[in-house]
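J.: Please find one structure pasted underneath; my questions will follow.
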Amino acid sequence: MEDKRRCFSLSQNKFLQHWCVLFLSSLAILPLTQSFNYGKALSKSLLYFESQRSGRLPYNQRVTWRHHSGLTDGLEQGVDLVGGYYDAGDNVKFGLPMAFTITMLSWGVIEYGDEISSAGEYTHALEAIKWGTDYFIKAHTHPNVLWVEVGDGDTDHYCWQRPEDMTTSRQAYKVDEKNPGSEVAGETAAAMAAASIVFRKTNPHYSHLLLQHAEQLFEFGDKFRGKYDESVRVVKGYYPSVSGFKDELLWAALWLYKATDKEDYLRYALEKANEFGGITWAITEFSWDVKFPALQIIASMLLTEENHREMGFKLVFEQYRSKAEYYLCACLNKNNGSNVNRTPAGLLYIRQWNNMQYVTNAAFLLTVYSDYLRASNQRLRCDRGKVGPEEVLLFARTQADYILGANPMGMSYLVGYGSRYPQRMHHRGASIESYKENKGFIGCTQGYDYWYPRNDPNPNVVVGALVGGPDQMDRFSDDRKNFMQTEACTYNTASLVGVLAKLHGVEEEDGYLNTPLLASS
């Protein structure tokens with residue numbers, strides 16, 4: 001306590017006070033005792049997806065400041081594309097990040113369904129997934145046709161409008177045999193395969209339907225290979241494919257193997273491992289674009305299963321594991337070579353724009369792998385020594401705790417959680433008076449002239465949104481114009497759901513996470 005008083009006596013600057021406390025904690029001089037209600041944070045995270053819904057909202061819609069929108073999507077092209085999710089603070093439906101969102105939500109439910117149930121959120125989790133997969137079923141109109149975008153970023157960004165008032169272009173874009181898009185076909189296949197596992201018990205007919213679409217999409221993406229942003233050029237400025245499509249094809253094959261138990265899919269991921277970069281790329285980023293670390297982790301976790309050892313690919317499995325360990329050790333700062341950068345207060349830091357997506361993705365993979373290590377009685381092999389499952393999970397928890405408020409700003413970056421969180425999210429619908437309060441039309445430039453520049457807090461709170469977060473020095477500016485930090489995306493929160501579910505479950509069971517944490521360990 002004396003050390004803590006010293007922090008507050010040194011400076012009246014709150015940023016320096018918080019940094020001092022965290023610094024002393026990292027030296028084990030002052031233990032961090034801040035605790036969080038992970039179950040409550042989980043509930044808010046799942047509520048967020050209702051704020052991002054496009055289409056005709058259901059009777060049980062809980063986010064009541066939203067209303068129906070995009071009801072003519074696909075009409076010009078003669079296809080029903082009503083539904084799905086807006087990716088962030090604008091009104092475009094981008095297929096690749098939407099599919100990744102559903103893959104990660106589904107993976108979280110597969111791993112932590114019991115924990116989500118104990119928090120009373122299982123139904124809401126399935127509803128969030130199904131809102132996406134229902135849309136993918138509509139968008140997959142032919143075995144070799146997938147509609148991958150509605151609206152375009154350039155037109156959309158000229159306007160600041162509620163989705164209920166949209167006057168911007170709702171042109172739809174597709175990939176097909178002549179205009180391939182293997183990344184988005186592969187990711188949508190992965191999403192539908194993962195979701196089919198989720199619905200296997202509760203809705204077997206729907207699960208089977210998802211699996212049919214997933215298998216067709218994988219075959220389409222593999223047979224007609226090509227980069228989707230070359231076929232749908234309007235996406236280049238927003239969700240371009242930097243890593244190419246090979247990681248998505250490996251990723252989809254592994255998810256289809258998990259969903260079907262068909263050895264052909266696993267054999268594909270093993271035989272193509274070298275050619276497609278699965279065992280050659282050592283990556284320190286997992287995102288909607290780059291899938292290598294996650295597919296390497298899934299493949300390496302299959303190594304312990306006896307039937308896979310007998311396939312004659314043990315060396316390939318080991319190489320997958322080596323690359324998976326490289327990523328995990330980089331997050332833990334345990335590689336001799338390249339490690340993931342961190343802020344002074346210990347947050348993983350990849351890049352300036354929407355850094356939180358990389359944080360939650362890393363925290364999720366660390367959480368899942370810690371369970372694998374515990375179940376298989378193994379330790380993570382890093383250059384700087386072996387790491388046990390408890391230490392891996394504890395680090396994942398530091399990232400979740402930072403998000404929820406254990407940071408120099410004393411701010412929860414999960415909107416609606418805690419007493420202090422961003423009030424001026426870069427989000428069109430949130431920043432303008434709700435349709436429920438004002439059904440009058442608010443035009444394109446009217447939004448920019450009046451609502452966008454206001455200094456007042458947003459009139460609508462997007463509960464559960466995870467904003468882009470602080471800069472490399474733990475600084476954050478709560479400004480609507482500061483889209484790099486104040487815009488939230490569906491895939492930020494999707495990976496966080498699984499992490500929060502695990503932490504909620506562990507805390508309920510045995511509380512071993514109550515160990516004092518080192519802020520920058």
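Sequence positions in the sequence shown follow UniProt numbering and run 1 to 521. In this text, a Cβ means the ideal position worked out from N, Cα and C, and glycines have one as well. Given the structure is predicted, the values throughout are model-derived calculations rather than measurements.
Taking only the alpha-carbon atoms, compute the straight-line gap between Gly-181 and Phe-224 and give it to the nearest angstrom.
T.: 8 Å
J.: If you check the beta carbons only, do Glu-164 and Ser-54 fall under 8 Å apart?
T.: no
J.: Report the rounded CA-to-CA distance for Pro-143 versus His-213, giving the unit in angstroms.
T.: Going from the Cα of Pro-143 to the Cα of His-213 covers about 8 Å.
J.: Using C-beta distances below 7 Å, list every residue in its chain close to Leu-249, excluding the 5 sequence neighbours before and after it, in chain order.
T.: Excluding sequence neighbours, Leu-249 sits near Ser-182, Gly-186, Gly-221, Asp-222 and Phe-276.
J.: Alpha carbon to alpha carbon, what distance is there between Arg-420 and Tyr-452?
T.: 22 Å
J.: Here's a check: name, in chain order, each residue in its chain whose Cβ is nearer than 6 Å to the Cβ of Glu-76, leaving out the five neighbours to either side.
T.: Answer for Glu-76: no residue qualifies.
J.: Go ahead and pull the three-state DSSP assignment for Val-21.
T.: Only weak support is given to the placement of Val-21: the predicted model assigns it a pLDDT of 46, under 50, and the value that follows is read from those uncertain coordinates. Helix, per DSSP.
J.: Under the rule that 16 or more other beta-carbon atoms within 10 Å means buried, what is Gln-485, buried or exposed?
T.: buried
J.: Start and end of the alpha helix (DSSP H) containing Ala-294?
T.: 292-301
J.: How many Å lie between Asn-341 and Asn-333 at the Cα?
T.: 8 Å
J.: Under DSSP, the beta strand (DSSP E) around Glu-149 begins and ends at which residues?
T.: Its beta strand (DSSP E) spans residues 146-150.
J.: For Asp-401, which of Leu-503, Asn-482 and Asp-456 has the nearest alpha-carbon?
T.: Leu-503
J.: Ile-129 to Ile-110, Cα distance in whole Å?
T.: If I take the Cα positions, the gap works out to 12 Å.
J.: DSSP on Tyr-349, reduced to helix/strand/coil?
T.: strand
J.: Ignore the nearest five residues each way along the sequence and tell me which others in Val-198's own chain have a CB closer than 7 Å to its CB.
T.: Ser-106, Val-109, Ile-110, Leu-126 and Ile-129
J.: Here's a check: name, in chain order, each residue in its chain whose Cβ is nearer than 8 Å to the Cβ of Phe-395, leaving out the five neighbours to either side.
T.: Cys-331, Leu-332, Leu-366 and Ser-521
J.: Would you check if the distance between the CB atom of Glu-391 and the CB atom of Tyr-38 is smaller than 8 Å?
T.: no
J.: Output the boundary residues of the beta strand (DSSP E) element that contains Val-184.
T.: Here Val-184 belongs to no beta strand (DSSP E); instead the alpha helix (DSSP H) covers 182-198.
J.: Do Arg-66 and Gly-429 have their CB atoms nearer than 8 Å?
T.: yes
J.: Quick one: what does DSSP say His-142 is sitting in, helix, strand or coil?
T.: strand
J.: Skipping 5 residues on each side, what residues in its chain have a beta carbon closer than 6 Å to that of Val-234?
T.: Asp-152
J.: Going by DSSP, name the residue or residues bridged to Tyr-85.
T.: Arg-53
J.: Give me the Cα-Cα distance between Leu-466 and Asp-383, rounded to the nearest whole angstrom.
T.: Each residue's Cα considered, the two are about 33 Å apart.
J.: Run the CB neighbour count on Met-473, radius 10 Å, all protein chains shown included, and call it buried at 16 or more, exposed below.
T.: exposed
J.: Using DSSP's beta-bridge definition, name the partner residues of Gly-385.
T.: Cys-382
J.: Find the nearest neighbour of Trp-255 within the set Leu-295, Lys-227 and Val-415, judged by alpha-carbon distance.
T.: Between Trp-255 and the set Leu-295, Lys-227 and Val-415, the nearest pair of CA atoms involves Leu-295.
J.: For the alpha helix (DSSP H) holding Val-109, just list the boundary residues, first then last.
T.: 95-118
J.: Verify whether the separation of the beta carbon atoms of Gly-469 and Thr-398 is less than 8 Å.
T.: Going by C-beta atoms, Gly-469 is not nearer than 8 Å to Thr-398.
J.: When the distance is taken between beta carbons, is Val-463 closer than 8 Å to His-427?
T.: no
J.: So, do the stretch 78-98 and the stretch 486-505 have three or more beta carbon pairs nearer to each other than 8 Å?
T.: yes
J.: Straight-line CA distance for Ala-501 to Lys-178?
T.: 43 Å
J.: Determine whether the beta carbon atoms of Thr-188 and Ala-99 lie at a separation below 8 Å.
T.: yes
J.: Please report the residue range of the beta strand (DSSP E) in which Val-175 lies.
T.: 172-175
J.: Per DSSP, Leu-466 is paired with what?
T.: Leu-414
J.: By DSSP's criteria, Asn-482 is part of a beta bridge. Which residues make up the other side?
T.: Looking at the DSSP assignment, Asn-482 forms no beta bridge with any residue, so it has no partner.
J.: What is the DSSP secondary structure of Ala-259, reduced to helix, strand or coil?
T.: Taken through DSSP and simplified to helix, strand or coil, Ala-259 comes out as helix.
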